[in-house]
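Have a look at the structure below before the remarks.
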Amino acid sequence: MTASAHAAAKEAGRPDISVRRHRPPAPGESPTVRFEGRDYGAPVSMFVTDSAPGTGSQLHVHPYRETWVVRKGEAEFLVGGERLRASAGDIVVAPADVPHRYLNVGTGQLELVCIHPSDTIRQQDL
1 MTASAHAAAK EAGRPDISVR RHRPPAPGES PTVRFEGRDY GAPVSMFVTD SAPGTGSQLH
61 VHPYRETWVV RKGEAEFLVG GERLRASAGD IVVAPADVPH RYLNVGTGQL ELVCIHPSDT
121 IRQQDL
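1 is the number of the first residue of the sequence shown in full-length UniProt numbering; add one for each residue after it.
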């Protein structure tokens, strides 16, 4: 169900259930999947990332805690001044208002779910 279909279903009094269908990226398009909860009446937003070795996010900050679920690969997280490694199955949580980033330090793809406890993703790049 698209965001507009979600709104129409809610107005029509139908159950408040939504499905955001996966769409493979077009050639040259980022493989990152972005979900903002406000479009679906949800209080949480997220990214699903697929990063090549040696790539990751730039340093940034959020006004809320961010949680990462490492689905595949190996990541190095920089949170404040602390570096830590995490691999498939690990969950990492960063505090609010603390600069952070991640980097794929493995030899294969890094797949992360980046969870934001907000209906919109609020991020300030540093």
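A virtual CB, placed ideally from N, CA and C, is assigned to each residue, including glycine.
Pairing Asp119 with Gly37 gives a Cβ-Cβ distance under 8 angstroms. Distances from the alpha-carbon of Gln124 to those of Thr107, Pro63, Gly41 put Pro63 closest.
For a cut-off of 8 angstroms, the C-beta gap from Leu103 to Gly56 is around 4 angstroms, short enough to register as a contact. With 16 or more other CB atoms across the displayed protein chains lying within 10 angstroms of its CB, Ser45 is buried.
As computed with DSSP, His100 is found in a beta bridge with His60, Val79. In the same chain as Phe35, and ignoring 5 residues on each side of it, the C-beta atoms closer than 7 angstroms to its own belong to Arg20, Ser45, Met46, in chain order.
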